[in-house]
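Trainee: Under my numbering, the first residue of the sequence shown is numbered 1, with each subsequent residue one higher.
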Amino acid sequence: MTTNATAETVTGTRPGTRSEPAAGARFEDLPALMGLMTGDEKHGPAATSTLDALWVLYDRVLRVTPGSAEAEDRDRFLLSKGHGPMAYYAVLAAKGFIDPEVLPSFGGYDSPLGHHPDRLLIPGVEIASGSLGHGLPLAVGTALGLRAQGLTDPAVWVLVGDAEFDEGSNAEAVAFAGAYGLDRLHAVVIDNSSATHGWRGGIAARFEAEGWSTATVDGRDHEALYRAFTAEHPGRPHVVVARVEPKDS
Numbered sequence: 001m002t003t004n005a006t007a008e009t010v011t012g013t014r015p016g017t018r019s020e021p022a023a024g025a026r027f028e029d030l031p032a033l034m035g036l037m038t039g040d041e042k043h044g045p046a047a048t049s050t051l052d053a054l055w056v057l058y059d060r061v062l063r064v065t066p067g068s069a070e071a072e073d074r075d076r077f078l079l080s081k082g083h084g085p086m087a088y089y090a091v092l093a094a095k096g097f098i099d100p101e102v103l104p105s106f107g108g109y110d111s112p113l114g115h116h117p118d119r120l121l122i123p124g125v126e127i128a129s130g131s132l133g134h135g136l137p138l139a140v141g142t143a144l145g146l147r148a149q150g151l152t153d154p155a156v157w158v159l160v161g162d163a164e165f166d167e168g169s170n171a172e173a174v175a176f177a178g179a180y181g182l183d184r185l186h187a188v189v190i191d192n193s194s195a196t197h198g199w200r201g202g203i204a205a206r207f208e209a210e211g212w213s214t215a216t217v218d219g220r221d222h223e224a225l226y227r228a229f230t231a232e233h234p235g236r237p238h239v240v241v242a243r244v245e246p247k248d249s
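#1: When burial is assigned at 16 or more other CB atoms within 10 Å of the CB, is E101 buried or exposed?
#2: For Y109, does the count of other Cβ atoms within 10 angstroms reach 16, so buried, or fall short, so exposed?
#3: Can you list, in chain order, the residues of its chain with a C-beta nearer than 8 Å to that of A173? Leave out the 5 residues immediately preceding and following it.
#4: Report yes if the C-beta distance between W157 and V188 is below 8 Å; otherwise report no.
#5: Taking Cβ to Cβ, would you say S68 is nearer than 8 Å to R74?
#6: Report the rounded CA-to-CA distance for M204 versus I190, giving the unit in angstroms.
#7: Looking only at its chain, what residues have a beta carbon closer than 6 Å to the beta carbon of E290, apart from the 5 residues adjacent to it on each side?
#8: Since F176 is in the alpha helix (DSSP H), which residue starts that stretch and which ends it?
#9: Pick out whichever of F176, S105 and D162 has its Cα sitting closest to the Cα of V244.
#10: Look at L30 and L51 and say whether their C-beta atoms are less than 8 Å apart.
#11: Leaving aside the five residues before and after L132 along the sequence, list all residues of the same chain whose C-beta is less than 6 Å from its C-beta, in chain order.
#12: Measure the C-alpha to C-alpha separation of A87 and H233 and round it to an integer number of angstroms.
#13: Please report the distance separating the alpha-carbon of G107 from that of L36.
#14: V240 and A209: beta carbons closer than 8 Å?
#15: Which of the three DSSP states, helix, strand or coil, is assigned to D75?
#16: Could you give the distance in angstroms between the alpha-carbon of R147 and the alpha-carbon of F77?
#17: Let's test the definition: count the other Cβ atoms within 10 Å of the Cβ of D248 and tell me whether it reaches 16, buried, or not, exposed.
#18: In whole angstroms, what separates the C-alpha of K95 from that of P104?
#19: Who pairs with H233 in a beta bridge, going by DSSP?
#20: Excluding the five sequence neighbours on either side, which residues of its own chain have a C-beta within less than 6 Å of the C-beta of G130, listed in chain order?
#21: Please say whether N192 and P154 have beta carbons closer to each other than 8 Å?
#22: May I ask which residues mark the beginning and end of the alpha helix (DSSP H) holding A242?
#23: For G84, which three-state DSSP category applies?
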């Protein structure tokens, strides 16, 4: 099995090298890009909680570019935490998937940038998300489908909010993925203490009990995120719990 730390990318570079940002964009430019998106229903905390994890994934880990967004051997990224997608849109703009000039239209009647991402309207978006609890089961199905097709190199990544684990569908997905050893499946859980119920022993403990490889890190520490994202996990799916400040802090 290859991992993101060793596999060749679809563009011939290696994970860990920087893809070329649009107009030389840096992480420090993301707040300004997010600031272009105005209007109601922004779900600000839901967006800002994901900003660091999204940047590290797209800047250093994911093997997908605007030019390879339809390639069969691309990595797949699924945003399950679809509420407040401004951080996602900002990263996609920084990486050249969408034109930054469209950002001010966010939420407008004729805008492709809805309050939930739409895979038919935005290049590089794999799923239309927003309904809590759907992304992880869809990622499990994607990983299983790729395996069935003999496509063992593409990695499947899904970003989930901790509150989504109030939905029973995620417990079933976690159990299934562990039992089937979907080792190309990776979950990133943004833990901003917004779950109503939670899991006894913490989020990572539940994944570990179902056979997953796990890591819990500071969700604002880019190097810690990168190390956790690229950790080897032969024969098992992998989850990274990224802890950030509480939603209401």
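Beta carbons are placed, not taken as given, at the ideal position from N, Cα and C, and that holds for glycine. It should be emphasised that the depicted structure is a prediction, and the values quoted were computed from it without experimental measurement.
Mentor: Once the coordinates are examined:
#1: exposed
#2: exposed
#3: L136, P137, A139 and V140
#4: yes
#5: In this structure, the beta-carbon distance from S68 to R74 falls below 8 Å.
#6: Here residue 204 is Ala; the residue named in the question, Met, does not match the sequence. Their backbone Cα atoms lie some 12 Å apart in a straight line.
#7: Because the chain spans 1 through 249 in this model, residue 290 falls outside it and cannot be assessed.
#8: G168 to A179
#9: Among F176, S105 and D162, the Cα nearest to that of V244 belongs to D162.
#10: yes
#11: E164 and E167
#12: A87 and H233: Cα-Cα distance of roughly 28 Å.
#13: Whole-angstrom Cα-Cα distance: 12 Å.
#14: no
#15: coil
#16: 16 Å
#17: exposed
#18: 17 Å
#19: According to DSSP, which records beta bridges pairwise, H233 is partnered with nothing at all.
#20: Closer than 6 Å at Cβ, skipping near neighbours: G82 and H116.
#21: no
#22: Per DSSP, A242 belongs to no alpha helix (DSSP H); it is in the beta strand (DSSP E), H238 to R243.
#23: coil
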